[in-house]
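In our numbering, the protein residues as written are 16 to 467.
Positions of the beta carbon are idealized from the N, C-alpha and C atoms, including for glycine.
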Ligand SMILES: Nc1nc2c(ncn2[C@@H]2O[C@H](COP(=O)(O)OP(=O)(O)OP(=O)(O)O)[C@@H](O)[C@H]2O)c(=O)[nH]1
Ligand SMILES: [Mg+2]
């Protein structure tokens, strides 16, 4: 059994959603659980007024970090009964005083509480990702852990979950801490020579252990850089383009693979114009099937735009399924690799290609799914998913690596060598969010949801 499950579409996010810097003296409140109505809703509070809010809700004398059943009142009116957790600073998610109100997941209860609480002095509704931003600013999470948390919330497959949990738990942070330690030791050796270069107990030659440690670090960075591609496929999914001429059966194959009537199919060539993505869970790995317009010259401006987008999707894909049908004239296939030729409509007659399928009868669909599952496992790797997966990871690792390359060429000059090692450390610190964070922060926190 392939465990193939079509996944629901990801939440759409406003691209221009922007985080507003506000003084951290505000106490923030938000609904942290999902859509209402629901069995239980969790309202989260963080900031110095948290305890005052609890008192105003007539909740008193809570034992920290224990759930207590309480009646919640606003201005003497009973709003609901719920389980309340009080987590005083600094041992809380944000590092500030925090509370969580587990109430009934009723839109009216949640509205009454949010309105009542947000109107209290020093209180306001939280921005997207603001709880996590405070955790970051208070040193509870570094940037790679914040990203891990965002990935975990978005995770749809088992491998995505494993990857995100490891990153959130500081897997990458620990690796980076080890690398920085090596760099600091090597720099200390070199800087000692700079400081005491006229003293006899500092030898002229750098100890061999230093260059060996830098060499070892360089090969570890190279391995990490090499794994970013696999990490990306785990995190974002393997993109499989269904491409070919109009009427080749692309949309029919999408529907057959997804076992769902998602895309419009007609006998009119040029039916599909927009790009349509369908996410599948194949053996615990995310695979994104991409249906698109058939490639041809056309007078229609809308279809021509569809063809342009299709070409862009083919270029971006991790795998192209090039569809050829017995009743459609063949066209030149793209040079892009890897590419599998899939003969469609096998019920009409013999077809060419590595795979023969019929969306009509279902023949060959299971074999193709099996091959896609195996390919996804190969592309994403079968062991523990790589911790590195983002452009930001790649940029930082490459920048550290090239600083080490410069170190090797300038090793004879202590001042230059030390500076290159310092640059390598800075690149890694940037990855943790210790320096130069402003550009990444707004984008990152805004991508988290409200209440997170
Ligand atoms: N007999 C048979 N017909 C098929 C099969 N797959 C698709 N067709 C037919 O081929 C025609 C085109 O199918 P589509 O899936 O819309 O093809 P497409 O490649 O998405 O076409 P465009 O969106 O126009 O580029 C439709 O009439 C389908 O019913 C098949 O396996 N067997
Ligand atoms: Mg189509």
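Alpha-carbon to alpha-carbon, residue j and residue i
i	j	result
residue 9	residue 44	The requested residue 9 is not part of the displayed model; the chain covers only 16 to 467.
residue 139	residue 161	23 Å
residue 38	residue 411	Bear in mind that a pLDDT of 46 at residue 38, under 50, signals an unreliable position, so the model cannot answer this.
residue 167	residue 177	9 Å
residue 358	residue 341	8 Å
residue 135	residue 189	41 Å
residue 301	residue 197	36 Å
residue 36	residue 105	Only weak support is given to the placement of residue 36: the predicted model assigns it a pLDDT of 44, under 50, and the question is left unresolved by the model.
residue 461	residue 109	17 Å
residue 464	residue 227	45 Å
residue 155	residue 415	25 Å
residue 183	residue 235	21 Å
residue 13	residue 371	Beyond the ends of the chain as shown, which are 16 and 467, falls residue 13; an answer cannot be given.
residue 280	residue 353	27 Å
residue 120	residue 51	6 Å
residue 49	residue 75	28 Å
residue 355	residue 326	16 Å
residue 395	residue 297	12 Å
residue 83	residue 149	26 Å
residue 433	residue 208	10 Å
residue 335	residue 347	14 Å
residue 429	residue 419	14 Å
residue 313	residue 265	18 Å
residue 86	residue 93	7 Å
residue 146	residue 107	11 Å
Residue i CB to nearest heavy atom of ligand 2 below 7 Å
i	result
residue 282	no
residue 286	yes
residue 276	no
residue 289	no
residue 306	yes
Residue range of the alpha helix (DSSP H) that includes residue i
i	result
residue 125	122-133
residue 420	406-424
residue 429	429-447
residue 15	Because residue 15 is not part of the residues shown, which for the chain are 16 to 467, the question remains open.
residue 246	223-251
residue 90	It is not in any alpha helix (DSSP H) - residue 90 carries neither H nor E in the DSSP assignment.
residue 65	65-71
residue 321	316-331
residue 80	Premise fails: residue 80 is in no alpha helix (DSSP H) and is neither H nor E.
residue 388	380-395
residue 147	145-152
residue 478	It is not possible to answer for residue 478, since the shown part of the chain is limited to 16 through 467.
residue 310	No alpha helix (DSSP H) holds residue 310; DSSP gives it neither H nor E.
residue 266	265-273
CB of residue i within 8 Å of CB of residue j, strictly
i	j	result
residue 443	residue 407	no
residue 306	residue 288	no
residue 144	residue 41	no
residue 258	residue 338	yes
residue 221	residue 204	yes
residue 278	residue 343	no
residue 321	residue 284	no
residue 273	residue 295	yes
residue 125	residue 46	yes
residue 436	residue 422	yes
Check: residue i C-beta below 7 Å from any heavy atom of ligand 1
i	result
residue 261	yes
residue 359	yes
residue 267	yes
residue 336	no
residue 375	yes
residue 420	no
residue 264	yes
residue 298	no
residue 309	yes
residue 363	yes
First through last residue of the beta strand (DSSP E) which encompasses residue i
i	result
residue 183	Element bounds for residue 183: not the beta strand (DSSP E) but the alpha helix (DSSP H), 173-183.
residue 339	334-339
residue 306	300-306
residue 107	Neither: residue 107 is in no beta strand (DSSP E) and is coded neither H nor E.
residue 469	Since the first residue shown for the chain is 16 and the last is 467, residue 469 is missing from the structure and cannot be characterised.
residue 294	291-297
residue 138	138-140
residue 354	354-358
* Are at least three pairs of beta-carbons, each pair with one atom in the stretch 52-72 and one in the stretch 114-122, less than 8 Å apart? -> Counting C-beta pairs closer than 8 Å gives three or more between the stretch 52-72 and the stretch 114-122, which meets the contact rule.
* To do: For the stretch 243-253 and the stretch 396-407, state whether three or more C-beta atom pairs, one from each stretch, are separated by less than 8 Å.
  => Cβ pair count under 8 Å is three or more, so yes.
* Asked: So does the stretch 327-341 actually touch the stretch 253-260, counting three or more Cβ pairs closer than 8 Å?
  -> Under the 8 Å Cβ criterion, the stretch 327-341 counts as touching the stretch 253-260, having at least three qualifying pairs.
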